[in-house]
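In the numbering used here, the protein residues as written are 232 to 603. A quick write-up on the structure given underneath.
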Ligand SMILES: Nc1ncnc2c1ncn2[C@@H]1O[C@H](COP(=O)(O)OP(=O)(O)OP(=O)(O)O)[C@@H](O)[C@H]1O
Ligand SMILES: [Mg+2]
């Protein structure tokens, strides 16, 4: 039995990545120069997949690379623990064995059972974190190897403590030769606050790299090859699929997965097959869209629909422009990563997820009809 060749959830490996050569190269070059980068893109745009490719490429050049995910951390001790686990998982050979011994001597990230006063807990978390943040310097001093440290979902550290960024910067700013950092995050607003606000520790400390939508050429080549290697032909469904997915990486793969499933074995897909695949995909996404919808204020809902419909400008003559209620709702949607600026549209914005836009334009149905 042939297996569906499209993986639409979780980070994917280098062979599954469409494009992203330019971005990988830029991140690598910036790290080699001893500078830091930040990768900001909406959810499911392929940040983690790209970071995986980056870590494997720098390892080939003789670096150590450590990938830390801060999603869901709630205390500084959690932050320290995530870093510790990443070193355990990602180091190899003599450096890994050295770390295995060293970590027993570092201050503990587990405060053990029993009640601990809040102040004590906080101080212990801070020391544990400082010890882990200092690791690249020690790796470099002991083994002469540079370390690429990736902090994914970096905005999560603000949940642990609202000045955690200051604490982190204070430690890592002395790493110079020893380490380069890549900070990534999917909460566009929080990442902007961390790196774009003069009052914050990381202001202007990392070169920004945005992830654009996928280009049609490489996507078409990838989909065609994957279909034919698994005994099916993407046929005339290809063009309309690229149109519906509009370069959104995860939506492209999700639709390709559904299209492949709808295409008979050894058969060829066409526009009707795609219509079927789109209907099925939207049905699967309804609860996600309804969840998003119910989390929005009524002002945000109205703006979201107007951006999706794209029939006229967002600010009518005589309204208060950016400072008014439309401006506030729009800013919140941009911060959440649901909407991005796009000068080619009438509203000057577009919905990040093309399937959400389709649902919004079609009257937000509670059920999506199967196509005939
Ligand atoms: N360049 C790409 N080529 C092919 N597929 C991609 C690409 N980028 C992302 N994808 C698809 O998107 C999915 C999610 O990718 P990934 O987890 O790397 O994104 P992310 O931006 O880290 O998401 P999240 O915001 O959820 O952390 C993958 O499973 C894959 O199907
Ligand atoms: Mg990710």
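From the three backbone atoms N, C-alpha and C, an ideal C-beta is built for every residue, glycine too.
Every beta strand (DSSP E) of 3 residues or more that sits fully in the segment 359-432 is shown, in chain order, as 378-383, 410-416.
Under the Cβ criterion (8 Å, minimum of three pairs), the segment 584-598 counts as touching the segment 528-544. Annotation for residue 583 indicates a beta carbon at 7 Å or more from all heavy atoms of ligand 1. Between ligand 2 and the CB of residue 286, the shortest heavy atom gap is not smaller than 7 Å.
Here the alpha carbons of residue 271 and residue 532 stand approximately 24 Å from one another.
By the Cβ-count criterion, residue 367 is buried, with 16 or more other Cβ atoms from all chains shown falling within 10 Å of its own Cβ. Beyond the five residues adjoining it in sequence on each side, residue 381 comes within less than 6 Å, by CB distance, of 282, 298, 413 in the same chain, given in chain order.
The shortest C-alpha to C-alpha distance from residue 254 to any of 280, 240, 239, 241 is the one to 280.
By the C-beta density criterion, residue 277 is buried, having at least 16 other C-beta atoms within 10 angstroms. In this structure, the CA atom of residue 477 is about 17 Å from the CA atom of residue 516. Fewer than three beta-carbon pairs drawn from the segment 429-441 and the segment 283-298 are found closer than 8 Å, and the two stretches are therefore not classed as touching.
Residue 318: member of the alpha helix (DSSP H) spanning 307-321, first to last residue. In this structure, DSSP gives residue 479 a state outside helix and strand, which the three-state scheme calls coil. Contact annotation, residue 585 with residue 479: C-beta distance approximately 5 Å; criterion of less than 8 Å satisfied. Of 362, 462, 509, 527, the smallest CA-CA separation from residue 496 is found for 462. By a beta-carbon distance limit of 8 Å, residue 398 contacts residue 357. Their separation comes to about 7 Å.
The beta carbons of residue 453 and residue 249 sit about 5 Å from each other, so the pair counts as a contact at 8 Å.
Taking 7 Å as the cut-off, the C-beta of residue 596 does not count as close to any heavy atom of ligand 1. Taking a cut-off of 8 Å for Cβ pairs, the segment 499-514 and the segment 462-475 touch, as three or more such pairs fall below it. Contact check between the segment 416-427 and the segment 441-456: fewer than three CB pairs, one atom from each, fall below 8 Å, which does not count as touching. Under the three-state reduction of DSSP output, residue 304 falls in the coil class, being neither helix nor strand.
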